[in-house]
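When the letters of the sequence shown are read in order and numbered with the numbering used here, they come out as residues 26 to 405.
We put the beta carbon where it would ideally sit given N, CA and C, even for glycine.
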Amino acid sequence: MASLVLTDSSQLTVDSFKKLPDQIMKHRSSSSFLLPGVTDSKTSGPSRDVEKGEVTQPSGETPGGTPPLDELPRAPSKASVFAGKSGEEGLSECPLCLNELSVECFPELCTCGHRSCYDCFQQYLRMEISESRVGIACPECSEPMHPNDIRMILNDKTQYEKYEDFMVRRVLAVDPDTRWCPAPDCSFAVIAAGCASCPKIKCERLGCDAYFCYHCKAEWHPNQTCDAARAQRSPNVRSSSISFSQDSQHRDDIKPCPRCQVLIVKMDDGSCNHMTCAVCGAEFCWLCMKEISDLHYLSPSGCTFWGKKPWSRKKKILWQLGTLVGAPVGIGLVAGIAVPAMIIGIPVWVGRKLYSRYELANKHKRNLAIAGGVTASVSA
């Protein structure tokens, strides 16, 4: 069964990122297809190891038809902007660093009208990329920044390639047929559409050629089921990690995302347990490590919004009993208080409003208006 290998994320243009999920769904039934930035071993072109950042680019070509970084407008430094400038030109205050700089120090964004200085923008982008964030928004509003603006302002080829790699990984993470080569120091992505019936997958990376299983995502195990191979590997895994599990004081601070398996670090201080993966966007509970909905912490699962561990079995049973017994009682109590309060309170409120409005009017007219308003509120 044919499979696809991710070789170069730099070939993905801005439009390609938007179309990539649709193309995956459109060609899911085909045996072999190519995506922008995803090629097989027979396709000539640039190749990249996503993990190592190794790139092989044929001469005379630019990835994805995009202009090289050197041809984009460069982010000027303060010294180059102020060189030869007179003090009569207009200045503007940066909302981030509060420094007054020349208007040329403020890049214009395609998606919104907010403007900050180049230095603050570059520091902001580097911080977001270092945290594996790809949905980078304007620092002053929630409008997402255009990748061309990020490339121009960042002015750093290495950082921008890392940003592109994160974008490719996020797209691949949501595809159920994506498989990552388990060989050490490889991390090639293979889109194995339709390989469930023939689970033997080969990594097409030059020098790797490792075989692994589509179902268990581990090394290929001929003449063995996935469960048997997993049981055979488990003693070795436990023996190699037992010292870390016993000696590490912060082993509960690092857990893999339940969707894309990216390791996530969280301070074990009892803070919010509702986590969002920065790579694939999955929302999950830090206690049970399952993808959740908004009602997860109200369910009898025992997971709490804050805290270091789930409830005990005794607390779960008490919560369920309290919900079954207390909910009807609570609803009846609230209704018993709210209904009389509305029956009495609304006419009183209407009468006071009408009295204040007709206070200077004729007595008979005022009384007639109040009586009519109170009667209407009671009947309604």
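Neighbourhood of residue 305 by C-beta distance below 7 Å, restricted to the same chain and skipping five residues each side
Answer for residue 305: 195, 198, 199, 282, 284 and 285, listed in chain order.
Nearest by alpha-carbon distance to residue 374: which of 387, 357, 402 and 392 is it?
Looking from the CA of residue 374, the closest CA among 387, 357, 402 and 392 belongs to 402.
Please classify residue 236: does DSSP put it in a helix, a strand, or coil?
When DSSP states are grouped into helix, strand and coil, residue 236 belongs to the strand group.
Short check: CB of residue 303 to CB of residue 158, under 9 Å?
A contact, by the Cβ cut-off of 9 Å.
Quick one: is residue 279 buried, meaning 16 or more other Cβ sit within 10 Å of its Cβ, or exposed?
Answer is exposed; the Cβ neighbour count stays below 16.
Contact check, residue 331 vs residue 297, beta carbons under 9 Å:
Residue 297 is positioned such that its CB atom lies closer than 9 Å to that of residue 331.
Strand pairing of residue 193, partner residues [DSSP]:
In the DSSP output, where bridge partners are listed per residue, residue 193 has none listed.
Between the Cα of residue 380 and the Cα atoms of 245, 393, 369 and 348, which residue gives the shortest distance?
In this structure, 393 is the residue among 245, 393, 369 and 348 with its C-alpha nearest to the C-alpha of residue 380.
For residue 206, which three-state DSSP category applies?
Three-state result, residue 206: coil.
Going by other Cβ atoms of all chains shown within 10 Å of its Cβ, with 16 needed for buried, is residue 390 buried or exposed?
Around the beta carbon of residue 390, fewer than 16 other beta carbons sit within 10 angstroms, so the residue counts as exposed.
Could you check what DSSP says for residue 217 in three-state terms: helix, strand or coil?
Here residue 217 sits in coil by DSSP.
Closest Cα partner of residue 220 within the set 228, 209 and 239:
The shortest C-alpha separation from residue 220 is found at 239.
Return the chain-ordered ranges of every beta strand (DSSP E) run that is complete within the stretch 300–380 and spans a minimum of 3 residues.
Taken in chain order, the complete beta strand (DSSP E) segments of 3 residues or longer contained in the stretch 300–380 are 308–310.
Just to confirm my understanding: we take residue 383, look at its own chain, exclude 5 residues before and 5 after, and list those with CB closer than 7 Å. What are they?
Hits under 7 Å: 390, 391 and 394.
Tell me where the beta strand (DSSP E) around residue 288 begins and ends.
Going by DSSP, residue 288 is part of the beta strand (DSSP E) stretching over 288–290.
Please tell me whether residue 314 has its Cβ less than 9 Å away from any Cβ of chain C.
Absent from the structure: chain C. Only one protein chain is present.
Give me, in chain order, the residues of the same chain whose beta-carbon lies closer than 6 Å to that of residue 128; leave out the 5 immediate sequence neighbours on both sides.
So the qualifying residues of the chain are 115 and 117.
Where DSSP assigns a beta bridge to residue 227, which residues make up the other side?
DSSP output for residue 227 lists 236 as bridge partner(s).
Bridge-paired residues (DSSP) for residue 490:
Residue 490 is absent from the structure shown; the chain starts at 26 and stops at 405.
Take residue 400 as the anchor and find which of 368, 385, 387 and 386 has the nearest alpha-carbon.
Residue 400 has its Cα closest to that of 368, out of 368, 385, 387 and 386.
Secondary structure at residue 393, three-state DSSP: helix, strand or coil?
DSSP, read as helix, strand or coil, puts residue 393 in helix.
Can you check whether the CB of residue 242 is closer than 9 Å to the CB of residue 207?
Cβ distance < 9 Å, so residue 207 and residue 242 count as in contact.
Buried versus exposed call for residue 229 [16 or more other C-beta atoms within 10 Å across all chains shown]
Looking at its Cβ environment, which holds 16 or more other Cβ atoms inside 10 Å, residue 229 is buried.
Residue interval of the alpha helix (DSSP H) (run including residue 155):
Per DSSP, residue 155 belongs to the alpha helix (DSSP H) from 143–155.
By alpha-carbon positions, which one of 363, 323 and 396 ends up nearest to residue 376?
When C-alpha distances from residue 376 are compared across 363, 323 and 396, the shortest belongs to 396.
Between the C-alpha atoms of residue 247 and residue 235, what's the straight-line distance to the nearest angstrom?
Straight-line Cα distance between these residues: approximately 14 Å.
Give the C-beta separation of residue 137 and residue 168 to the nearest angstrom, bearing in mind that I take them to be a contact with Cβ-Cβ under 8 Å.
Rounded, the Cβ-Cβ distance is 4 Å, consistent with contact.
Opposite residue 169 in the DSSP bridges: which residues?
DSSP, once it has assigned bridges, lists 162 as partnering residue 169.
Using the C-alpha atoms, what's the distance from residue 322 back to residue 353?
Taking the Cα positions, residue 353 is about 20 Å away from residue 322.
Let's see if you can read the secondary structure: which residues bound the beta strand (DSSP E) around residue 125?
In this chain, the beta strand (DSSP E) harbouring residue 125 covers 125–127.
Between which two residues does the beta strand (DSSP E) carrying residue 281 extend?
It spans 279–281 - the beta strand (DSSP E) in which residue 281 sits, taken as one unbroken run.
Taking DSSP's pairing of strands, which residues face residue 116 in a bridge?
According to DSSP, which records beta bridges pairwise, residue 116 is partnered with 127.
Applying the 10 Å Cβ sphere with the 16-neighbour rule, what's the burial state of residue 385?
That one is exposed.
Could you tell me the alpha carbon to alpha carbon distance between residue 102 and residue 232, rounded to whole angstroms?
Since pLDDT at residue 102 reaches only 44, below the 50 mark, its modelled position is unreliable, and no value is offered.
Do you know how far the Cα of residue 165 is from the Cα of residue 250?
CA-CA distance, residue 250 to residue 165, rounds to 54 Å.
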